[in-house]
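S.K.: The structure follows.
In the working numbering, the protein residues as written are 1 to 109.
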């Protein structure tokens with residue numbers, strides 16, 4: 001169990017950062033531009049690190065299952081990570097068609 005936590009420390013750190021940032025969202029946004037910018041950059045860094053770990057796991061799984069299914073797993077993992085990030089970023093958007101069109105274009109690409 002301890003070795004699994006050591007291997008997945010970046011995913012664990014990203015999860016902790018999300019749980020810490022959620023209740024502090026309003027404080028970070030109203031504390032001024034430097035704090036909001038720093039918090040945003042830190043959260044984006046955690047999102048990138050977590051996405052890289054998901055891609056690593058998809059690559060390991062793709063090697064295990066072989067060529068045609070492995071390619072599909074890698075493609076779906078990349079698209080799903082992108083769609084989830086887009087959906088989270090645009091969840092407060094006033095235009096629902098913009099969210100829908102952006103997610104469709106990410107899936108099509």
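The beta-carbon is built from N, C-alpha and C at its ideal position, and this holds for glycine as well.
Keep in mind it's a predicted model, so treat the numbers as computed, not measured.
Is it right to say residue 87 is buried, meaning 16 or more other beta carbons lie within 10 angstroms of its own, or is it exposed?
M.R.: Result: exposed.
S.K.: DSSP three-state call for residue 104: helix, strand or coil?
M.R.: Correct three-state label for residue 104: helix.
S.K.: Among the residues of its own chain, which have a CB less than 8 angstroms from the CB of residue 12, if the five just before and after it don't count?
M.R.: Excluding positions up to five away in sequence, the list reads 5.
S.K.: Please state whether DSSP places residue 8 in a helix, a strand or coil.
M.R.: Coil.
S.K.: Could you tell me which of 63, 105, 65, 49 sits nearest to residue 8, measuring between CA atoms?
M.R.: Minimum Cα distance to residue 8 is reached at 49.
S.K.: Decide if residue 46 is buried, meaning its Cβ has at least 16 other Cβ atoms within 10 Å, or exposed.
M.R.: By the neighbour-count rule (16 or more Cβ atoms within 10 Å), residue 46 is buried.
S.K.: Tell me which residue opens and which closes the alpha helix (DSSP H) that residue 66 is part of.
M.R.: Where residue 66 is concerned, there is no enclosing alpha helix (DSSP H), given that its DSSP letter is neither H nor E.
S.K.: So, do the stretch 48-64 and the stretch 72-88 have three or more beta carbon pairs nearer to each other than 8 angstroms?
M.R.: The stretch 48-64 vs the stretch 72-88: in contact.
S.K.: Between residue 70 and the rest of its own chain, which residues show a CB-CB distance below 7 angstroms, the 5 nearest in sequence each way excluded?
M.R.: Closer than 7 angstroms at the Cβ level, and outside the excluded window around residue 70, lie 62, 63.
S.K.: Under a Cβ-count criterion, where at least 16 other Cβ atoms within 10 Å of its own Cβ denotes burial, should residue 77 be classed as buried or exposed?
M.R.: Looking at its Cβ environment, which holds 16 or more other Cβ atoms inside 10 Å, residue 77 is buried.
S.K.: Out of 102, 103, 17, 68, which one is the CA nearest neighbour of residue 112?
M.R.: It is not possible to answer for residue 112, since the shown part of the chain is limited to 1 through 109.
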